[in-house]
Amino acid sequence: MLDFFTIFSKGGLVLWCFQGVRGPAATAPVNALIRSVLLQERGGNNSFTHEALTLKYKLDNQFELVFVVGFQKILTLTYVDKLIDDVHKEFRDKYRNEFQQKGALGLLNGTFDFKDDFMRLLRDAEESSKVRAPTVMKTFEQSLKSQKTVKCMIETRGEKPKEKVKNKKNKGSKKDGSEAVAAPSKASAGDKQLSAAGEKEELTKDEILQKNREEFFRRHMKAGEKSRSPKPDAQKEKGKKPRVWDLGNSNAKVLDYSNSATNGSAEACPVEEFDPDMALGDRNREPGRLYDLEYESDDEAEEEKVVQNPSKPSVKKGGLGGMFGMLKGLVGSKSLTREDMDPVLEKMKDHLIAKNVAAEIAVQLCESVAKKLEGKVMGTFTTVTSTVKQALQEALVQILQPQRRVDVLRDVMDAQRHRRPYVVTFCGVNGVGKSTNLAKISFWLIENGFSVLIAACDTFRAGAVEQLRTHTRRLNALHPPESHGGRTMVQLYEKGYGKDAAGIAMEAISYARNQGFDVVLVDTAGRMQDNAPLMTALAKLIAVNAPDLVLFVGEALVGNEAVDQLVKFNKALADHSMAQTPRLIDGIVLTKFDTIDDKVGAAISMTYITSKPIVFVGTGQTYCDLRSLNAKAVVAALMKA
1 MLDFFTIFSK GGLVLWCFQG VRGPAATAPV NALIRSVLLQ ERGGNNSFTH EALTLKYKLD
61 NQFELVFVVG FQKILTLTYV DKLIDDVHKE FRDKYRNEFQ QKGALGLLNG TFDFKDDFMR
121 LLRDAEESSK VRAPTVMKTF EQSLKSQKTV KCMIETRGEK PKEKVKNKKN KGSKKDGSEA
181 VAAPSKASAG DKQLSAAGEK EELTKDEILQ KNREEFFRRH MKAGEKSRSP KPDAQKEKGK
241 KPRVWDLGNS NAKVLDYSNS ATNGSAEACP VEEFDPDMAL GDRNREPGRL YDLEYESDDE
301 AEEEKVVQNP SKPSVKKGGL GGMFGMLKGL VGSKSLTRED MDPVLEKMKD HLIAKNVAAE
361 IAVQLCESVA KKLEGKVMGT FTTVTSTVKQ ALQEALVQIL QPQRRVDVLR DVMDAQRHRR
421 PYVVTFCGVN GVGKSTNLAK ISFWLIENGF SVLIAACDTF RAGAVEQLRT HTRRLNALHP
481 PESHGGRTMV QLYEKGYGKD AAGIAMEAIS YARNQGFDVV LVDTAGRMQD NAPLMTALAK
541 LIAVNAPDLV LFVGEALVGN EAVDQLVKFN KALADHSMAQ TPRLIDGIVL TKFDTIDDKV
601 GAAISMTYIT SKPIVFVGTG QTYCDLRSLN AKAVVAALMK A
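Numbering (full-length UniProt numbering), first residue to last: 1 to 641.
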């Protein structure tokens, strides 16, 4: 049974609605469909789930209409696709003249009495689903089992089935064929084996068993003789000895910082002297400003000249034929069909995959563009290729623009007014640059006047705490306490290795609240998305400490792996969280963006799969190499040939 069926324009005007059951109106699920699918250019799949409802929709691009049907997702209604197609066709045909003559005024002033037609189409669709004959089971005579005799199903003990013997013979023949040139002597051995197998079939059961036993013992005796070899005098000792470094210490107590009283003090991180130009890069930049990501592209005018120059001689040579050849790809006042777009979409899909967009995402993007353009009337002297390319560019820009903008500085100031620290947790797989980009974000926050406490919650990786300690020393050298009224702007909270990360994060947040820090940046250990114990530990850390922002750090080098990482990280956080509304990833930090040239597809894959914004982009090795995402620059790089 249907919950509702509604027809509305893309401008948001409801033309007709059918309410199938009593209950809440269709407003909330339809608004969710518009917000999450239609506005975000995610129309690759014509189905959408909202709470307990499944919504199916169809777009009419000629008259800018949307047809939506909703039903309970526990139901399996086979006639819904047929119904929505029939209603679409009937509604278009009935009110075509009104749409064409009056346009937008026809939608505003028109009355759409469609209830009787809809009920008739609904009855027809329901009856057509019942008319389908159930699948008839095969009789015994039609099955393969009936063709087998009783004799062929009886297996004698010690006798191998015929099929297996045939397969082994085939394998043996292939092997002999491949090695015939290298070792011709093996052919005679194969003949002996075949003749022995023929003799074995003529022997009795007891003789077969006796021969098999003798062959078994003979093989094992040969294997034992081969394995016996003279042992060397100097044999290596079993086990692996730990390496002792010259400047290291084997005493675990020396490496344990649990009882250290130096957490959060400036003495723990002495000021380090180094060249600031190496850490800052551009000295002419504006302090505290997060610049947009830039992409240097060639002038489109120059590219058009290069393309158009070869076509000029062909016009002179071919006369009218050349002129008609130029106009061959143009469409004048014609509705676009799927057949027109398929060749262009196929090339676009291959182009996106070559630019590092995940294959699954590329297919869905092209499918969404096809549904958006199908049936749309083209203007004169407009090519199909340019229309599809323009629609794809608009869709990509829309995907990269977040539904909810993450303004970290505004949120930090809001937390200051409530006299509490703003907590950010970084998570991601191994080696993507979590600690390095955490240091860059720390530098950006310090330049905006906020004090930062770094919580060293990576208690697993060797050198993780030392890496953060080095970053803290260098940041304090760039922003000494003397420049900030005697206040140390960045400090490190550490408890050594092998401790509970969730407990360290909780202690760090409490310490920051007592000492008046503005921001707490929590560094976590890298973990693969398939490692269930480590994902459970991450979910525990986030659930216990309730950070204000959870950032997933991913590198721009990945392709299909980006989808798998984000989906499984979100799923793990949802599955292992004890809260009724689990905390998921809030934003993305995209690293190593300077290593990919124009293969920027990972940005599209990550934002498409999560609908979360890319908050920061890492573009280099200095503290200033942090950017905000510029959607148009990324799309320009993506669409470059």
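Positions of the beta carbon are idealized from the N, C-alpha and C atoms, including for glycine.
Is the beta carbon of residue i sitting closer than 8 Å to the one on residue j?
i, j, result
"D458", "A508", "no"
"A631", "V600", "no"
"E90", "L121", "yes"
"I454", "D500", "no"
"A539", "A572", "yes"
"E64", "S9", "yes"
"Q403", "S605", "no"
"N570", "I585", "yes"
"K440", "D625", "yes"
"V69", "F5", "yes"
"K58", "I84", "yes"
"V80", "K56", "yes"
"K568", "Q515", "no"
"V423", "D548", "yes"
"T472", "V490", "yes"
"P287", "E466", "no"
"V519", "L409", "no"
"V125", "D86", "Looking at the sequence provided, one finds Ala at residue 125 rather than Val. In contact: A125 and D86 (Cβ atoms closer than 8 Å)."
"T49", "S129", "no"
"W16", "F140", "no"
"A462", "A456", "no"
"L373", "V635", "no"
"F71", "D3", "yes"
"A602", "A574", "no"
"R338", "A370", "yes"
Have a look at the DSSP bridge pairing and note the partners of residue i.
i, result
"T472", "Note: T472 sits in no beta bridge, so no partner."
"E555", "T591"
"F426", "D523 and L551"
"H50", "L53"
"Y493", "A455"
"T6", "C17 and V68"
"S335", "V377"
"V563", "Answer by DSSP bridge pairing: none, since V563 is not bridged."
"R627", "V617"
"L59", "V66"
"D292", "S628"
Using a 10 Å radius around the Cβ and a threshold of 16 neighbouring Cβ atoms, would you call residue i buried or exposed?
i, result
"A546", "exposed"
"Q474", "Here the sequence assigns Arg to residue 474, which means Gln is not the residue at that position. That one is buried."
"P421", "buried"
"K355", "buried"
"M341", "buried"
"A234", "No answer about A234 holds up, because its pLDDT of 47 lies below 50 and its placement is not dependable."
"M1", "exposed"
"H418", "exposed"
"T488", "buried"
"E303", "In this prediction, E303 scores a pLDDT of 44, lower than 50, which makes its location untrustworthy; no coordinate-derived value is stated."
"N476", "buried"
"Q308", "At Q308 the pLDDT is 44, less than 50, meaning the model places this residue with poor confidence; the figure from the coordinates comes in the next sentence. Looking at its Cβ environment, which holds fewer than 16 other Cβ atoms inside 10 Å, Q308 is exposed."
"L247", "Interpretation of L247 is limited by its pLDDT of 49, a score under 50 that renders its predicted location unreliable; the figure taken from the coordinates is listed afterwards. Exposed."
"R527", "buried"
"K148", "exposed"
"I7", "buried"
"I614", "buried"
"M137", "exposed"
"A26", "buried"
"M119", "exposed"
"E214", "exposed"
Since residue i and residue j are thought to touch, with beta carbons under 8 Å apart, how far apart are those beta carbons, to the nearest angstrom?
i, j, result
"S451", "F517", "5 Å"
"G449", "T591", "About 25 Å separates the two Cβ atoms, so there is no contact after all."
"Y608", "I361", "5 Å"
"S368", "G43", "4 Å"
"Q101", "S335", "Not confirmed; about 18 Å, so no contact."
"R627", "D292", "7 Å"
"A502", "L468", "The Cβ separation is near 18 Å, so there is no contact."
"E41", "Q398", "5 Å"
"residue 642", "L521", "Because the chain is modelled from 1 through 641, residue 642 falls outside the range shown and cannot be assessed."
"A543", "A579", "6 Å"
If you pair each beta-carbon of the region 551 to 566 with each one of the region 426 to 439, do three or more pairs fall below 8 Å?
Inter-segment contact for the region 551 to 566 and the region 426 to 439 is present: three or more beta-carbon pairs are separated by less than 8 Å.
Are there three or more Cβ pairs, one per stretch, closer than 8 Å when the region 387 to 395 is compared with the region 332 to 345?
Yes, the region 387 to 395 is in contact with the region 332 to 345.
Three or more C-beta pairs closer than 8 Å, one from the region 368 to 380 and one from the region 611 to 622: is that the case here?
Taking 8 Å as the limit for Cβ pairs, the verdict is that the region 611 to 622 does not touch the region 368 to 380.
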